[in-house]
């Protein structure tokens with residue numbers, strides 16, 4: 023792509039402003055345009071209102087090279103994207119016969135009457151390039167304006183818009199602006215260290231890097247650092263990105279749990295598959311959150327046998343073989359019980375690895391005055407007979423502590439699996 | 023509310039422009055503002071860039087009474103919403119001691135180092151009203167501008183932004199603009215019937231009702247109808263709302279699983295407590311999602327004993343006593359296995375109720391050519407010896423099918439519990 027091409031996205035539809043439809047179109051287009059090396063500086067949403075659309079178009083044309091609209095191409099009176107933009111550009115409108123025939127064919131195929139309001143969908147501003155809609159009736163279109171800008175109008179439904187953009191608009195843009203660099207990204211997945219701490223470690227690098235750029239993105243208990251390079255191809259991009267990834271990884275050591283891992287549970291399933299190990303879980307405070315996350319991964323059944331949600335002491339004893347002595351001596355939320363749960367489930371289910379959680383997630387306690395947020399993660403490795411538990415303090419004093427304590431507890435359990443299997447314990 | 027108040031939403035964040043984050047904040051705020059009678063004519067997204075944010079702010083201030091920003095309040099150098107808007111309004115910035123203390127307390131609580139860049143989060147433009155963040159560190163703020171506009175800056179993460187808007191901004195707006203009447207809402211919780219069907223049943227009521235208003239809100243597999251009355255107090259509001267709720271409930275019958283229930287799992291825990299019944303779960307395809315949702319509810323341990331995640335056939339046999347004969351004859355995804363799982367877990371755990379899931383959520387099958395989306399929910403009631411399973415077909419052919427199949431399967435399991443206990447089977 024030519025350097026510094028700027029695109030702007032305008033999504034048209036009152037249902038988006040009202041929040042009835044979430045604007046996934048802007049996200050899709052933003053991602054696709056970034057991968058082409060086209061920068062999106064603004065996106066906006068306007069209702070089905072010609073005055074406001076015209077105002078938004080004027081602003082967009084003052085600051086972007088490429089303007090992409092979605093929505094407002096249908097047959098009804100409140101579909102007015104083409105009409106408004108044609109008027110703004112001082113272009114007439116006429117029926118595009120090719121598009122009209124396609125729409126008529128469609129009505130024959132589905133055995134429905136072609137009503138007159140459908141003529142409107144074949145109307146095109148003079149000089150526009152129609153884009154066939156493979157998944158609906160409303161064609162899209164591209165206008166090359168007299169001052170060198172490109173205006174692309176796409177239908178609103180994602181299943182019509184996405185293939186039209188990929189199959190029609192991208193080839194058009196590549197042809198128009200060939201010879202171009204593209205954006206390539208890799209994500210460094212980090213656990214167990216805060217965003218502000220990481221930023222202070224790499225402040226200079228993050229602030230001064232231009233190619234690649236390095237951007238932090240904090241998730242609950244985790245941090246992603248996205249490194250993005252502008253390059254002609256992936257090999258060149260890797261030459262730019264990989265040294266930075268190595269530099270950051272060398273400093274953060276085992277806090278880095280993966281590169282482009284997707285999620286901790288994906289990394290866990292992946293490395294268990296690699297090592298042909300079978301996992302089992304025993305959950306108290308996380309109550310199924312850990313197993314839910316593992317089984318979020320398609321194909322988890324290859325490495326995950328199952329588990330026990332031992333929410334009551336009876337279940338801990340009966341299904342996991344935790345001894346009544348230990349339960350009464352140390353309480354359910356204890357290092358000893360966590361260890362027994364992890365070992366118990368692995369042996370009961372004949373698994374290579376057992377991992378457990380027990381803790382205080384909410385107001386309900388084990389009646390020993392232990393504080394909210396106290397969590398033990400137990401680990402058992404059958405082959406080495408390794409059996410230990412770590413102690414965590416996860417209360418943050420927020421109202422959603424229950425959710426975050428349970429989530430971060432399950433993340434810690436996943437992290438223990440990754441650390442142990444990768445041998446960086 | 024004063025007539026014709028216009029709001030504009032500006033979401034700040036390069037990750038939104040890049041499509042890495044879908045802008046659900048604008049949808050949430052659009053919906054909430056609409057329910058307050060405040061019109062949103064435009065929303066826009068800008069990256070973490072002070073020049074572009076200033077430009078978007080100028081445009082918004084030229085056409086809206088209320089401007090709400092989300093994002094850019096964090097500790098890092100690319101968080102610059104407050105700084106940019108303060109400069110635009112010619113306001114100085116100073117540390118808000120109350121906010122600073124809250125942030126410092128947070129770092130003490132989580133036992134992490136308070137790094138200097140966190141000071142930035144306590145900086146406020148002169149005259150701003152700080153909004154405590156109950157779910158994170160970055161406070162929000164409200165500025166009353168000299169020309170009578172309101173600028174509200176909220177954090178980007180939805181779990182911080184949504185409660186701050188509901189608990190801090192809505193009361194502020196109601197106090198500022200209302201003549202003493204307030205909005206009161208009740209939500210009708212509906213399961214097992216589609217939005218368009220409900221809309222067609224109550225189209226006239228929904229379209230013509232002014233006080234109360236009736237607004238549908240579709241969630242995955244569920245529908246909420248929010249009835250909102252403008253009234254001087256709750257008693258008056260109930261006089262307006264209750265007849266409508268009765269009318270709708272009479273028509274939808276047992277599809278209504280609660281009023282202001284919060285969630286299906288909250289309703290389940292509540293009615294189990296009322297009836298002093300103890301629940302157990304046996305999950306295959308949901309893999310812990312069901313038990314996770316039940317234990318999301320604080321106090322679930324009073325009624326939920328625990329469960330088994332029986333992801334492999336071995337676990338189904340060993341921990342739940344499902345017979346090898348039945349597994350090999352009908353396959354793991356079958357009515358018979360669902361029934362045995364539900365009964366097996368209830369007996370093993372000495373529970374009053376057992377509920378089970380088995381199905382095909384993704385590409386992994388039980389090797390019997392059963393289709394993705396086929397799910398059985400098993401139910402067992404110890405007292406009456408009731409033991410049955412229902413068959414569901416949950417595939418929609420979308421890319422997120424695995425998540426939605428697992429979620430809706432767990433919803434159906436919760437719904438069976440509610441139906442049976444409420445005796446409306």
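Residue numbers (my numbering), protein chains in the order written: chain A, 23 to 447; chain B, 23 to 447. Positions of the beta carbon are idealized from the N, C-alpha and C atoms, including for glycine. All of these numbers come straight from a predicted model, not from anything done at the bench.
Would residue 36 (chain B) pass as an interface residue toward chain A - the criterion being a Cβ-Cβ separation below 9 Å? A Cβ of chain A is located within less than 9 Å of the beta carbon of residue 36 (chain B).
Checking contacts by CB at 9 Å: is residue 23 (chain A) closer than that to chain B? Interpretation of residue 23 (chain A) is limited by its pLDDT of 44, a score under 50 that renders its predicted location unreliable; no figure is taken from the coordinates.
Quick check: the Cα distance between residue 405 (chain A) and residue 294 (chain A), rounded to an integer number of angstroms? So the two alpha carbons sit approximately 14 Å from each other.
Count the other CB atoms, across all protein chains shown, that sit within 10 Å of the CB of residue 107 (chain A); report buried if there are 16 or more and exposed otherwise. Under this definition residue 107 (chain A) is a buried residue.
Would you mind listing the beta strand (DSSP E) stretches within the segment 122-186 of chain A that are 3+ residues and don't spill past its ends, in chain order? Listed in chain order, the complete beta strand (DSSP E) runs (minimum 3 residues) inside the segment 122-186 of chain A are 145-147, 151-153, 162-166 and 172-176.
Over the uninterrupted beta strand (DSSP E) stretch that includes residue 380 (chain A), give me the two end residues. Where residue 380 (chain A) is concerned, the enclosing beta strand (DSSP E) stretches over 375-381.
Beta-carbon proximity list for residue 344 (chain B), same chain, < 7 Å, skipping 5 on both sides: The residues are 338, 359, 362, 363 and 366.
Cβ separation of residue 326 (chain A) and residue 349 (chain A), assumed to be a contact under 8 Å, to the nearest whole Å: 27 Å between Cβ atoms; not a contact.
Which chain C residues are close to residue 53 (chain B), counting only those with a beta carbon under 9 Å from its beta carbon? The structure shown contains no chain C; its protein chains are A and B.
Going by the beta-carbon positions, is the gap between residue 32 (chain A) and residue 49 (chain B) smaller than 9 Å? Between residue 32 (chain A) and residue 49 (chain B), the C-beta spacing is not below 9 Å.
Can you give me the C-alpha to C-alpha distance between residue 415 (chain B) and residue 423 (chain B), rounded to a whole angstrom? In a straight line, the C-alpha of residue 415 (chain B) is about 12 Å away from that of residue 423 (chain B).
When B:134, B:97 and B:141 are compared against residue 116 (chain B), the one with the closest alpha-carbon: When B:134, B:97 and B:141 are compared, the shortest CA-CA separation from residue 116 (chain B) is found for B:141.
Which same chain residues, not among the five before or five after residue 410 (chain B), have their C-beta less than 7 Å away from its C-beta? The residues 361 and 401, in chain order, have a CB closer than 7 Å to that of residue 410 (chain B) in the same chain once the five nearest residues on each side in sequence are set aside.
What number of angstroms, rounded off, separates the C-alpha of residue 69 (chain A) from the C-alpha of residue 370 (chain B)? About 58 Å.
For residue 66 (chain A), go through chain B and note every residue whose CB falls closer than 8 Å to its CB, in chain order. Within chain B, the residues near residue 66 (chain A) are 64, 65, 66 and 67.
Leaving out five residues on either side along the sequence, give the residues of the same chain with a beta carbon under 7 Å from the beta carbon of residue 125 (chain B). The answer, listed in chain order, is 140, 143, 144 and 159.
Along the beta strand (DSSP E) that carries residue 68 (chain B), what are the first and last residues, could you check? Boundaries of the beta strand (DSSP E) around residue 68 (chain B): 61-68.
Residue of B:397, B:94, B:286 and B:241 minimising C-alpha distance to residue 441 (chain B): With distances taken between Cα atoms, residue 441 (chain B) lies closest to B:286.
Bridge partner(s) assigned by DSSP for residue 206 (chain A): Partner(s): A:251.
Could you tell me whether any Cβ in chain B is nearer than 9 Å to the Cβ of residue 328 (chain A)? At least one beta carbon of chain B lies nearer than 9 Å to the beta carbon of residue 328 (chain A).
Comparing C-alpha positions only, which one of B:241, B:233 and B:231 sits nearest to residue 218 (chain B)? It is B:241 whose Cα lies nearest to the Cα of residue 218 (chain B).
Below 8 Å, how does it come out for the segment 50-65 of chain B and the segment 426-436 of chain A: are there three or more Cβ pairs, yes or no? No, the segment 50-65 of chain B does not touch the segment 426-436 of chain A.
Any idea what DSSP makes of residue 397 (chain A), helix, strand or coil? Three-state result, residue 397 (chain A): strand.
The segment 413-446 of chain B: which residues have C-beta closer than 8 Å to a C-beta of chain A, in chain order? Result list: 424, 425 and 428.
By DSSP, does residue 259 (chain B) sit in helix, in strand, or in coil? Residue 259 (chain B): helix per DSSP, three-state reduction.
Taking the beta strand (DSSP E) that residue 319 (chain A) belongs to, which residues open and close that run? Where residue 319 (chain A) is concerned, there is no enclosing beta strand (DSSP E), given that its DSSP letter is neither H nor E.
Tell me which same chain residues have a C-beta within less than 6 Å of the C-beta of residue 76 (chain A), skipping the five on either side of it? So the list reads 106 and 110, once near-sequence residues are dropped.
Roughly how many angstroms separate the alpha carbons of residue 173 (chain A) and residue 307 (chain B), rounded to a whole number? Each residue's alpha carbon lies about 47 Å from the other.
Give the residues of chain B in contact with residue 337 (chain A), contact being defined as C-beta atoms less than 7 Å apart. The answer, in chain order, is 327, 328 and 371.
Please list, in chain order, the chain B residues whose beta carbon lies closer than 9 Å to that of residue 341 (chain A). By Cβ distance, chain B contributes 328, 330, 341, 370 and 371.
Indicate the three-state DSSP secondary structure (helix, strand or coil) for residue 337 (chain B) in the structure shown. Looking at residue 337 (chain B) - three-state DSSP - the assignment turns out to be helix.
Does residue 366 (chain A) get closer than 9 Å to chain B when you measure Cβ to Cβ? Not one chain B Cβ lies under 9 Å of residue 366 (chain A).
Which residues, taken in chain order from the segment 86-102 of chain B, show a beta carbon closer than 7 Å to some beta carbon of chain A? If the cut-off is 7 Å between Cβ atoms, the segment 86-102 of chain B has 97, 98 and 99 near chain A.
How would you write the range of the alpha helix (DSSP H) that residue 52 (chain A) sits in, first residue to last? Its alpha helix (DSSP H) spans residues 46-57.
For residue 256 (chain B), count the other beta carbons within 10 Å of its own beta carbon; 16 or more makes it buried, fewer makes it exposed. Which is it? Around the beta carbon of residue 256 (chain B), a 10 Å sphere encloses fewer than 16 other beta carbons of the protein chains shown; the residue is thus reported as exposed.
Proximal chain B residues relative to residue 194 (chain A), where beta-carbon distance stays under 9 Å: What residue 194 (chain A) touches in chain B, judged by beta-carbon distance under 9 Å, is nothing: the nearest beta carbon there is about 20 Å away.
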